[in-house]
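**Student:**
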Ligand code: EPU
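Numbering (the working numbering), first residue to last: 49 to 391.
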């Protein structure tokens with residue numbers, strides 16, 4: 049276990065916000081995490097705890113007056129490999145894309161469309177990351193977690209995780225209560241590419257790849273290329289991917305909007321609900337490529353807020369609020385941050 053007091057969080061958030069935590073604790077094993085919890089209880093320490101992954105989906109609004117926890121556990125372990133599927137237990141601290149690469153290299157199929165998503169495996173299971181028609185929940189069987197109040201280990205089936213669009217029980221009733229330590233995946237031995245999402249088939253055609261000959265490595269590369277063309281690399285420009293979720297609205301509200309904007313992109317959720325891309329609405333409000341102080345809206349994808357250099361969490365948040373107000377005024381829809389606001 050490594051403990052650092054007054055720890056800089058600059059390297060622990062992809063927005064590149066320069067702030068500090070009172071303490072940072074990184075653990076190498078589940079037992080170390082449990083020891084930390086028992087010691088904290090024995091000392092009567094009630095200061096806030098925040099468990100982070102790669103820091104790619106959070107925004108620090110100020111210094112964190114508590115302890116930040118992070119897993120350094122790095123293991124990919126096959127628990128069963130019979131029949132049509134392979135079952136793999138992956139520790140929360142592994143980079144999500146390193147896991148996808150490992151799976152593709154092992155000829156375990158399913159995760160290709162989730163290539164290059166920043167962050168770590170544990171956070172992916174909390175957030176139910178998704179892209180290009182796939183979601184993490186499609187492959188998660190159960191997760192192992194440690195109760196941060198008692199140190200007890202608990203297993204959650206995928207049903208118990210109550211997965212939804214960028215959502216799980218760990219973002220609601222159990223927010224802050226558990227640290228996910230391992231995620232158990234089920235991947236397939238048969239490659240069944242998912243190509244429906246806009247842009248994939250076009251990208252294949254541009255590369256002269258026929259669907260019948262497509263390999264999982266090629267599909268992963270295509271997804272990586274598409275993402276790189278739209279989304280900023282956090283190593284170069286601070287950001288946390290999509291800043292807002294795409295709102296799900298009643299169909300009647302969508303029809304009202306479509307009466308004015310006939311080209312509004314949309315996805316049917318069910319008979320009564322429609323999802324409208326927030327990026328489209330933000331662009332319609334004229335925010336794409338604009339900035340407020342050192343916080344900007346990415347010029348290739350309006351759903352992404354970027355740190356133009358040295359922005360504080362408050363500056364990013366101020367832009368978030370301006371965008372929310374403008375979208376609400378124009379469309380009557382309150383878009384919500386996907387990014388976790390801390391502070
Ligand atoms: N659009 C615009 N202007 C923009 C951005 C988007 O008009 O500036 C329109 C596009 O033309 C398209 C629609 O909005 O018709 C959807 O755009 P896109 O395919 O880029 O996806 P998105 O809905 O903006 C979601 C996820 C992304 C994921 C992509 C691809 C959410 C919150 N975001 O974005 O996830 O990569 O689909 O599957 O659901 C993330 O969560 O951090 C993330 C990057």
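Beta carbons are placed, not taken as given, at the ideal position from N, Cα and C, and that holds for glycine.
For residue 329, which residues in the same chain have their Cβ closer than 8 Å to its Cβ, ignoring the five residues on either side in sequence?
**Tutor:** Here residue 329 refers to the residue found at position 281 of the chain shown. Excluding positions up to five away in sequence, the list reads 375, 378, 379, 381 and 383.
**Student:** Taking residue 165 as the reference, which of 311, 290, 337 and 155 has the closest Cα?
**Tutor:** Numbered from 1 along the chain shown, position 117 holds the residue referred to as residue 165. The candidate whose alpha carbon is nearest that of residue 165 is 290.
**Student:** Beta carbon of residue 125, beta carbon of residue 69: below 7 Å?
**Tutor:** Locating residue 125 in the chain shown gives position 77, counting from the first residue. Locating residue 69 in the chain shown gives position 21, counting from the first residue. No. Outside cutoff.
**Student:** Per the contact definition of three or more C-beta pairs closer than 8 Å, is the region 207–217 in contact with the region 74–90?
**Tutor:** Segments in contact, no.
**Student:** On the CB-based measure, 16 or more other CB atoms within 10 Å of its CB, does residue 238 come out buried or exposed?
**Tutor:** The residue given as residue 238 occupies position 190 in the chain shown. Classification of residue 238: exposed, given that the 10 Å Cβ count is below 16.
**Student:** Taking three-plus beta-carbon pairs below 8 Å as touching, is the region 91–105 in contact with the region 168–184?
**Tutor:** Result yes; three or more Cβ-Cβ pairs closer than 8 Å.
**Student:** For residue 337, which residues of its own chain have a beta-carbon under 7 Å away from its beta-carbon, when the five flanking residues on both sides are left out?
**Tutor:** Working through the chain shown from its first residue, we reach residue 337 at position 289. The answer, listed in chain order, is 345 and 347.
**Student:** Can you pull the DSSP bridge partners for residue 386?
**Tutor:** Your numbering for residue 386 matches position 338 in the chain shown. Looking at the DSSP assignment, residue 386 forms no beta bridge with any residue, so it has no partner.
**Student:** By DSSP, does residue 349 sit in helix, in strand, or in coil?
**Tutor:** In the chain shown, the residue the question calls residue 349 occupies position 301. Residue 349: coil per DSSP, three-state reduction.
**Student:** Does the Cβ of residue 155 lie closer than 6 Å to at least one heavy atom of ligand 1?
**Tutor:** Locating residue 155 in the chain shown gives position 107, counting from the first residue. No, the Cβ of residue 155 stays beyond 6 Å of every heavy atom of ligand 1.
**Student:** Is the CB-CB distance between residue 359 and residue 342 below 7 Å?
**Tutor:** Position 311 of the chain shown holds residue 359. Position 294 of the chain shown holds residue 342. Yes, they are a contact pair.
**Student:** Starting from the Cα of residue 140, find the closest Cα among 167, 186 and 263 and give me that residue.
**Tutor:** As a first step, residue 140 must be located in the chain shown, where it is residue number 92. Out of 167, 186 and 263, 167 has the C-alpha closest to the C-alpha of residue 140.
**Student:** Can you tell me whether residue 253 is helix, strand or coil according to DSSP?
**Tutor:** The residue you call residue 253 lines up with position 205 of the chain shown. Note: residue 253 maps to helix in three-state DSSP.
**Student:** Name the residue from 247, 259 and 285 whose alpha carbon lies nearest to the alpha carbon of residue 273.
**Tutor:** Within the chain shown, residue 273 is the residue found at index 225, counting from 1. Looking at the Cα atoms, 247 is the closest of the given residues.
**Student:** Runs of 3 residues minimum, wholly inside the region 268–324: which ones carry the beta strand (DSSP E) assignment?
**Tutor:** Counting only runs of 3 or more, we get 286–290, 296–298 and 321–323.
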